[in-house]
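My numbering puts the first residue of the sequence shown at 39, with every later residue one more than the last. Think of the CB as a built atom: it goes at the ideal place given N, C-alpha and C, for glycine as much as any other residue. Model, not experiment: these values are computed from the prediction.
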Amino acid sequence: MTKVLGIDIGGTKIRMGIIDANGEIFYDEQVPTAFPLYAYLEQQVLRLLALHPEVAAIGIGTHGFVDPKEGRVIYATDILPGWSGTAVKQQLEKATGKRVELENDANCVALAESKFGAAKGLDRVVCLTLGTGLGGGVLWDGQLLSGGRHGGAGELGHMLLYPGGVLCPCGRKGCGEQYVSGTAIRRRIKEAGLNVTPQELFGNAATDPACMQVVEGFTADLAFIVSSLQAAFDMDMMIIGGGVSESAEFWWELFLQKLEPQLLNPLAVEIAQFENDAGILGAALLVLKEN
Numbered sequence: 039m040t041k042v043l044g045i046d047i048g049g050t051k052i053r054m055g056i057i058d059a060n061g062e063i064f065y066d067e068q069v070p071t072a073f074p075l076y077a078y079l080e081q082q083v084l085r086l087l088a089l090h091p092e093v094a095a096i097g098i099g100t101h102g103f104v105d106p107k108e109g110r111v112i113y114a115t116d117i118l119p120g121w122s123g124t125a126v127k128q129q130l131e132k133a134t135g136k137r138v139e140l141e142n143d144a145n146c147v148a149l150a151e152s153k154f155g156a157a158k159g160l161d162r163v164v165c166l167t168l169g170t171g172l173g174g175g176v177l178w179d180g181q182l183l184s185g186g187r188h189g190g191a192g193e194l195g196h197m198l199l200y201p202g203g204v205l206c207p208c209g210r211k212g213c214g215e216q217y218v219s220g221t222a223i224r225r226r227i228k229e230a231g232l233n234v235t236p237q238e239l240f241g242n243a244a245t246d247p248a249c250m251q252v253v254e255g256f257t258a259d260l261a262f263i264v265s266s267l268q269a270a271f272d273m274d275m276m277i278i279g280g281g282v283s284e285s286a287e288f289w290w291e292l293f294l295q296k297l298e299p300q301l302l303n304p305l306a307v308e309i310a311q312f313e314n315d316a317g318i319l320g321a322a323l324l325v326l327k328e329n
């Protein structure tokens with residue numbers, strides 16, 4: 039059975055896994071992200087291919103705006119300095135002799151969840167990843183909605199939630215990621231004058247009114263975003279993933295309560311099944327489709 043290399047590039051770490059069409063992970067390795075990023079990535083990939091020559095192709099998920107047709111990073115924030123403009127596909131195919139495909143990391147999560155996870159078998163799925171920022175992936179009739187003239191299709195975290203609101207790294211004010219991401223929750227905590235971690239915030243909300251007020255704001259804003267996405271896509275399922283979803287046991291029911299009156303129609307909303315593995319599984323699927 040064909041085996042491919044799935045790579046998930048983040049601001050602090052790069053995860054690499056050798057995976058087959060059934061989603062079985064045969065090898066899994068994590069290295070710290072280092073710069074200049076492309077030269078480091080090529081070095082790591084060549085090292086791994088020397089150990090595993092059976093790898094047929096390479097799929098990569100990365101932070102930033104991506105042109106998947108050209109396999110090029112159009113724009114990445116300072117999380118990955120120097121990454122903007124990198125022709126990853128062209129350079130890495132030349133270096134390895136293998137087929138390479140590149141996508142936005144949240145799109146890879148959507149692929150993994152629709153193929154192997156919570157949305158298995160569904161063709162129209164929207165995925166939100168609540169991490170450092172707010173990522174989004176849209177699967178429409180089984181195909182990713184991605185790319186676009188500026189690589190920004192499906193950048194759901196940059197839909198305006200509060201025009202004129204909190205400044206976003208994209209340069210505009212009021213983007214959704216400034217209200218429901220991990221970064222946003224830490225800001226909300228600071229503005230409330232609380233001395234707690236995000237995990238403590240959610241755990242204390244049941245007994246601490248000040249913590250509950252912050253959680254109320256977060257869940258209400260997340261409900262607004264999901265209801266707007268339903269109006270745009272009328273999807274079969276909404277998937278919520280990312281690091282913030284790991285604490286969902288504390289806020290999920292409150293979120294669903296706030297979401298229900300906002301929906302146009304009934305909507306299945308699920309927590310992502312693959313937290314740690316979604317990135318490399320989805321990246322692998324970029325090249326497993328045609329191998």
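Cβ-Cβ distances below 6 angstroms link residue 78 to 72 in the same chain, with the five nearest sequence neighbours on each side left out; the list follows chain order.
Residue 82 sits close to residue 52, with the two beta carbons spaced by under 8 angstroms. Here the alpha carbons of residue 222 and residue 321 stand approximately 27 angstroms from one another. In the DSSP assignment, residue 68 falls within the unbroken beta strand (DSSP E) covering 63 to 70. With respect to the 8 angstroms criterion, residue 143 and residue 280 are not classified as neighbours on the basis of their beta carbons.
The shortest CA-to-CA distance from residue 129 to any of 118, 145, 115 and 109 is the one to 109. Listed in chain order, the non-local C-beta contacts of residue 236 below 6 angstroms within the same chain comprise 223, local neighbours out to five positions each way being set aside. Counting along the chain, residue 178 sits inside the beta strand (DSSP E) bounded by residues 172 to 178. Distance from the CA of residue 217 to the CA of residue 197, rounded to the nearest whole angstrom, comes to 11 angstroms. According to the DSSP assignment, residue 259 belongs to no beta strand (DSSP E) but to the alpha helix (DSSP H) extending over 247 to 271. About 15 angstroms separates the beta carbon of residue 220 from that of residue 288, a gap too long to meet the 8 angstroms contact definition. DSSP places residue 103 in the strand class (E or B) of the three-state scheme. Contact between the stretch 85 to 105 and the stretch 134 to 153 is established, with three or more Cβ pairs separated by less than 8 angstroms. At a Cβ-Cβ threshold of 8 angstroms, residue 111 and residue 124 count as neighbours. For residue 217, the enclosing alpha helix (DSSP H) begins and ends at 215 to 218.
If the five residues before and after residue 301 are omitted, its C-beta is found closer than 7 angstroms to the C-beta atoms of 265 and 268, all from its own chain and listed in chain order. In the three-state DSSP reduction, residue 76 falls in the helix class (H, G or I). Residue 226 sits buried, since 16 or more C-beta atoms from the chains shown fall within 10 Å of its C-beta. Between the stretch 174 to 189 and the stretch 307 to 314 there are fewer than three inter-stretch CB-CB distances shorter than 8 angstroms, so the stretches are not counted as touching. Boundaries of the beta strand (DSSP E) around residue 57: 51 to 58. The secondary-structure analysis by DSSP pairs residue 142 across a beta bridge with 100.
Contact between residue 182 and residue 150 fails: their C-beta atoms lie close to 12 angstroms from each other, not under 8 angstroms.
Proximity to residue 202 across 193, 212 and 208 peaks at 212, based on C-alpha coordinates.
The Cβ atoms of residue 42 and residue 93 lie closer than 8 angstroms to each other. Between the beta-carbon of residue 319 and that of residue 159 there is about 16 angstroms, and that puts the pair past the 8 angstroms contact cut.
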